[in-house]
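Each remark here refers to the structure printed beneath this line.
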Amino acid sequence: MNRNRSLYSSEAKWGIILALPAILGFLIWTLGPMIASFVLGFTDWNVVSTPHFIGMGNFKKMFVEDFIFKKSIYATVYYSLGSVIASIVFAFLVAFLLNQKVKGLPLFRTIFYLPSITPAIASAMLWIWLFNPDFGLLNQILKRFGFPRLLWIYDEKQVIPSLIFMSIWGMGGMMVIFLAGLQGVPQELYEAVEIDGGNWWHRFRYVTIPMMTPTIFFNLVMAIIGSFQVFTSAYIMTSGGPNYASMFYVYYIYLSAFRYGQMGYACALAIILFLIILSFTLLVFKSSPYWVYYESARRR
Amino acid sequence: MKKSIWVVILSLILVIGITVSSATAAVELIYTYWGSPLERDAQAKMCRDFEKAYQSIFPGIKVKDIYIPSNYDEKINAMIAAGEPPHVAQLGEALALEWAEKGILMDILPLIKQDKDPSVQIENRLSMTWYWYDKGKKTIGTNLAAEVMVLWYNKEIFDKAGIPYPASNPEAWTWEKFLDTAIKLTTDRNGRHPGDPGFDPSNIDTFGVAFGTWWGPILPFIWSNGGDICDSEGKRPLINTPASVEAIQKLADLMLKYHVAPTPTQMQAFPALRIALQTKKVAMYIDGQWALLDLGQMAKEGRIKLGVAPLPKLRKPVCLELGAPNVMFTASAQKALKESWEFYKWTTNSEKVISLVRGGLWMPLQKWYYTNPKYMNQWLDPAVHPPEYKPAVIDYLLKYGRRSPSYYLRNWGKISDIMYQELTNVWLGKVSAKVACDNIADKIKPLLVGRYDK
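Residue numbers (this note's numbering), protein chains in the order written: chain F, 747 to 1046; chain A, 53 to 506.
Laid out in structure tokens, this is it:
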């Protein structure tokens, strides 16, 4: 008994020691800066001088004076809603197709997955060319079919839809998760539908979709968090333009902190982003009992 | 046993190493800067020259030159936050004066007053290049070099078309002549010019002129037309006055109405503008004098027949003078004041960096380089500087020079960003210059809170 306890405690001790790098890393590099940035959000810190506590000053400025803040909230929410819905639908459909027995399946899977391992900068550069109104491939295609020329990322109204369109291209990771989920759907359920005389639609609607809801849920949460933090396309492709139409929130935080040197204000912006992402995530979590089906859980 | 011997030996080496290096550890100055690769080599050489020249005065002195080609402000911010800013640094204009007011950068006026070196005296440098703050009572110094916006052109294209070169005299080089020249030099795939029947604006082989859409190429035209971004107090927007709007509309018309200049989206298919000039994609282009570093190199190698002209005038000639300051950071420089000051003077003494000046990158700061023929010859390299350089650039600067708002206007970084964003819609033909300028005026109003120097 005694020996057992000492074994446990020594195991616990070693467990903690061995996990210490990860724990310390989290405390020093993640939790610490998070707390620091929360505190700094209430100051006027500009990196070079000592911070002064200014209460809600940053937030007041944000909501009252700062027109870029409003534009960036709009751009980011617009983009997030669009890209989350579009990429989930698209990734699901592609995964569904890639789950069928067709010739050259590994090749298709590779092709659809490939974009998501392309470095963000490289794919941004590529899309700049595709979107070019004068020489870009997309407009060449439109022209071939007699459609009018679009300005894509160079137009205030088209820039967000264009970037949503581009985000679909990078849905490979999500697709792989869907594919794994699809392969986990028990075959006997499909057989049961067939025995009852159901067609492909019934199989899809009453077996595939319900069994996939946990996977959809996971992808939805990850996609929301990821899409609110979109940065590269604004940084590389549009500089937040035209006329601030793609001033994504994280890019604006970056500009405030490093270009304008307003670190305190940037921290305050980050607090707001944290609250936005938190509330969206909570919303999805709270709604999950109504639409996510776990085989092991009992229905309410 | 063997192991412990190695440990002993290694620690001995370490101890000796540390002792030796700390015994010889003289001051090591940190200098940060940006620029093209050619610039990096030249600046590094400048640092080595300083080390050699000052070895007897400051034995063992070293300059650690850190080249930061991109995300410059962020890295400097990080160095400051880490408590180790550079001693001397090139710095973006948007941040410099703000930091100066907070005491991050040194006021060097007291140092200048104590020093007899003529190269650093206030009256001996181009007065436009000084950065004043605290109502003009303090200064962080001058630019690293003087720079102006000019019009570069490829003489071969002019020769072939049989069109006279742009006038070197700013008074004679009018907008009408400029537009006419640009139209004649613009050719589509079938050799037609804008205005010819059948001209195809979507397949242009050579554009008459090209310019970037940041404030550098735009502002001189606004001024030349009698407009401005704001009043001289820096309090009231003037960007939406008829004179300013007209100038911007005229620039937009070059792209959209006359098709003699590429739009920003067309420019994307362009190589760097200097290459576009050399390969005859454009006949003229507006850029800083600094472009001469690369253009001059091409001219020297006989790959381009280079010409330079002042910017065309709308109502009166204006030459935009701009640049980025070289500064001393208080926290570091105070610890090695003598060394930092000597090095600061060295970097801004055009004589010490004459290779960069002669190579075309920089224009000198000291006035005698502009007035005394002896000094002028040290600077102007006939293989690099085109023959019309003196009237088209030097006289243009001396007679019509006006410093950019980055020298004095508060919130310049944000104001110029707003201008850039709003004007994008003008270059794409989405809105008229008037609409965009009204928007800009509204948005910059709260940012116009005066000047640093007044």
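C-beta atoms are modelled at their ideal positions from N, C-alpha and C, and glycine is treated no differently.
Whole-angstrom distance between A148(A) and S741(F), CA atom to CA atom: Outside the displayed range of chain F (747 to 1046) lies residue 741(F), so it cannot be described from this structure.
Min CB distance S862(F) to chain A below 8 Å: no
Neighbourhood of G801(F) by C-beta, 7 Å cutoff - its chain only, sequence neighbours within 5 removed: Excluding five sequence positions before and after G801(F), the CB atoms of its chain that fall closer than 7 Å to its own CB belong to F788, given in chain order.
Checking 8 Å against the spacing of the C-beta atoms, do T265(A) and L237(A) come in under that value? When the beta-carbon positions are compared, T265(A) and L237(A) stay at least 8 Å from each other.
Once you ignore the five residues that flank R241(A) on each side, which residues in its own chain have a CB closer than 7 Å to its CB? D252, N255 and D257
List the whole-angstrom C-beta distance separating L231(A) from Y310(A), where the pair is believed to meet the contact cut-off of C-beta under 8 Å. 7 Å
Count the CB pairs spanning the segment 158-173 of chain A and the segment 327-340 of chain A that are closer than 8 Å, and state whether there are at least three. no
Scan the segment 161-204 of chain A and note each continuous beta strand (DSSP E) run of 3 residues or more that stays entirely inside, going in chain order. 182-185 and 190-194
For I819(F), which of helix, strand or coil comes out of DSSP? DSSP places I819(F) in helix when its eight states are reduced to three.
DSSP three-state assignment for A991(F), whether helix, strand or coil: coil
Whose C-beta lies closer than 6 Å to the C-beta of W182(A) among residues of the same chain, with five residues either side of it excluded? T191 and T194
Is the distance from the Cβ of A321(A) to the Cβ of F263(A) below 8 Å? In this structure, F263(A) does not lie closer than 8 Å to A321(A) by Cβ.
Chain-order list of residues whose beta-carbon lies under 6 Å from that of A75(A) (same chain, five-residue window excluded): Bear in mind that a pLDDT of 46 at A75(A), under 50, signals an unreliable position, so the model cannot answer this.
If we cut at 8 Å on Cβ distances, does G1007(F) have a partner in chain A? yes
For P294(A) and F273(A), the rounded distance between their alpha carbons: 13 Å
Apart from the five residues on each side of it in sequence, which residues of its chain come closer than 7 Å, Cβ to Cβ, to S756(F)? none
Would you please verify whether the beta carbon of L897(F) is less than 8 Å from any beta carbon of chain A? yes
List the residues of chain A whose Cβ lies closer than 8 Å to the Cβ of I874(F), in chain order. Q320
Simplified DSSP assignment, three categories, for A75(A): Because A75(A) sits at a pLDDT of 46, beneath the cut-off of 50, its placement in the model cannot be relied upon, and the following sentence gives the value as read from the coordinates. The answer is helix: DSSP assigns A75(A) an H, G or I state.
To which residues of the same chain is V922(F) closer than 7 Å at the C-beta, ignoring the five residues directly before and after it? Y859
Could you confirm whether any beta carbon from chain A is found closer than 8 Å to the beta carbon of Y990(F)? Closer than 8 Å: yes.
At 8 Å on the CB atoms, spell out the chain F contacts of T476(A), in chain order. Y900, G987, P988 and N989
Taking the straight line between their C-alpha atoms, what separation do you get for L883(F) and F210(A)? 34 Å
Using CA atoms only, rank isn't needed, just tell me which of P89(A), Y106(A), K390(A) and G286(A) is closest to Y119(A). P89(A)
Can you tell me whether L764(F) is buried or exposed? The criterion is at least 16 other CB atoms within 10 Å of its CB, across all chains shown. exposed
Bridge partners of Y337(A), per DSSP? W204(A) and A262(A)
Within 10 angstroms of its Cβ, does L150(A) collect 16 or more other Cβ (buried), or is it exposed? Here the sequence assigns Glu to residue 150(A), which means Leu is not the residue at that position. By the 10 Å Cβ count, E150(A) comes out buried.
How many Å lie between I156(A) and E145(A) at the Cα? 14 Å
Where does N242(A) fall in DSSP's three states? coil
Could you tell me whether any Cβ in chain F is nearer than 8 Å to the Cβ of G465(A)? For G465(A), the answer is yes, since a Cβ of chain F falls inside 8 Å of its Cβ.
Are the C-beta of N878(F) and some C-beta of chain A separated by less than 8 Å? Contacts with chain A at 8 Å (Cβ-Cβ) include N878(F).
Please check the pair A141(A) and V379(A), which I expect to be a contact at CB under 8 Å, by giving their CB distance rounded to whole angstroms. 6 Å
What residue from S108(A), T84(A), P434(A) and R177(A) has the CA that sits closest to D125(A)'s CA? Nearest C-alpha to D125(A): T84(A).
Among V115(A), Y185(A) and Q386(A), which one has its Cα closest to the Cα of K506(A)? Y185(A)
Integer-rounded CB distance, given that W414(A) should sit under 8 Å from V405(A): Correct: roughly 7 Å between the Cβ atoms.
Looking at the unbroken alpha helix (DSSP H) that takes in C489(A), where does it start and where does it end? A485 to I496
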